[in-house]
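Peer 1: Below you will find the structure I want to go over with you.
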Amino acid sequence: MVRVGFFQFRPVFGKVQYNLNKVVKALKNVSADIIVLPELPFTGYYFKDREELKLLAEEINASSTVQALIKICRECDFYLVTGFAEKSGNKYFNSALLIGPEGVIHTYRKLHLFNEEKNWFDPGDIPLQISEIRGVKVGMMICFDWIFPEVFRALSIMGADLICHPSNLVLSYCQQTMISRCLENSVFAVTANRFGADKRPQGEIIFTGKSQIVAPKGELICKAPSKREVLYLRDINIDLAKDKMISPLNDIIKDRRQEFYDILCRRSD
Ligand code: ACM
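In this note's numbering, the protein residues as written are 2 to 270.
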């Protein structure tokens, strides 16, 4: 059994230290293997423009936020998957970091930017990757990536048992869709969403909460309320994700007839 979960909360835009303190306090003395935090949990989401993002984004190797997260991973002996506004040279990415007692293990940079994110961030440029943590093959994707089934499928074909999904969801369809994604790939998923709103001079964006953990047969293991701060942890049997048989004669990965849908891998522009 491995203990996985999420911390759903309401970040305050631009208050990086406040948001970090909130996470550190919530996770202190928690016993878990892997905990997922929302997308952009320290900066907040609704940037006015790229210039504002530049003021708040951090280089991973020079980030006091990342150092504080490594420290809590060491103290509590768990791993975190967290959203992160990443500066890398003159590029800015909406990233997810897999962090553990040994430091930053992997960076995922959001491949599919949602709406105005295209004005602030550079699109992800790192190939999808699986990292093994305590016998669990972990893949990462961020929020709007959910609407591209290719991401979840690719991670599954690469061997993911658990997909960690930091989110700042604004549309209402994701949570139900992730149930199908887990079923059609026989994989666990933790969607860690935020709640509340980013109320900014340029407008307001409201986030939907309802973070959740879904099991490989599409079972909803737990679901958070839409407007409450919660830390949910569950013990899961990760071996369930290794079983790809949906009937005695159907392996959902091996039975794919790729020769009939190779168009999926061709560019459409
Ligand atoms: C989103 O991708 N944050 C909607």
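Every residue gets a Cβ at the ideal spot worked out from N, C-alpha and C, and that includes glycine.
Could you tell me which whole beta strand (DSSP E) segments of length 3 or greater appear in the segment 40–121?
Peer 2: 80–89, 92–101 and 104–110
Peer 1: Can you give me the C-alpha to C-alpha distance between L98 and H107, rounded to a whole angstrom?
Peer 2: 6 Å
Peer 1: Should S173 and F196 be called a contact, given that it needs their Cβ atoms to be closer than 9 Å?
Peer 2: no
Peer 1: Whose C-alpha, out of L250, I254, V17 and A190, is nearest the C-alpha of I237?
Peer 2: Checked all of L250, I254, V17 and A190; the closest Cα to I237 is A190.
Peer 1: Measuring from the CB of V171, is there a heavy atom of ligand 1 at a distance below 8 Å?
Peer 2: yes
Peer 1: Between which two residues does the beta strand (DSSP E) containing S181 stretch?
Peer 2: S181 -> not in any beta strand (DSSP E); alpha helix (DSSP H) instead, spanning C175 to N186.
Peer 1: When burial is assigned at 16 or more other CB atoms within 10 Å of the CB, is G84 buried or exposed?
Peer 2: buried
Peer 1: Give me the Cβ distance between E53 and P167, rounded to the nearest whole Å; I'm assuming they're in contact under 8 Å.
Peer 2: Not quite, the Cβ-Cβ distance comes to about 21 Å (not below 8 Å), so this is no contact.
Peer 1: How many angstroms separate the CA atom of E118 from the CA atom of D126?
Peer 2: 15 Å
Peer 1: Excluding the 5 residues flanking K138 on each side, which residues of the same chain have their C-beta closer than 6 Å to its C-beta?
Peer 2: I131, G160, A161 and D162
Peer 1: So what does R201 bridge to, in DSSP terms?
Peer 2: Partner(s): G204.
Peer 1: Could you check whether the Cβ of S168 sits closer than 8 Å to any heavy atom belonging to ligand 1?
Peer 2: yes
Peer 1: Pick out whichever of D256, A69 and K200 has its Cα sitting closest to the Cα of I100.
Peer 2: A69
Peer 1: Could you check if C223 belongs to the surroundings of ligand 1, using beta carbon to heavy atom distance under 8 Å?
Peer 2: no
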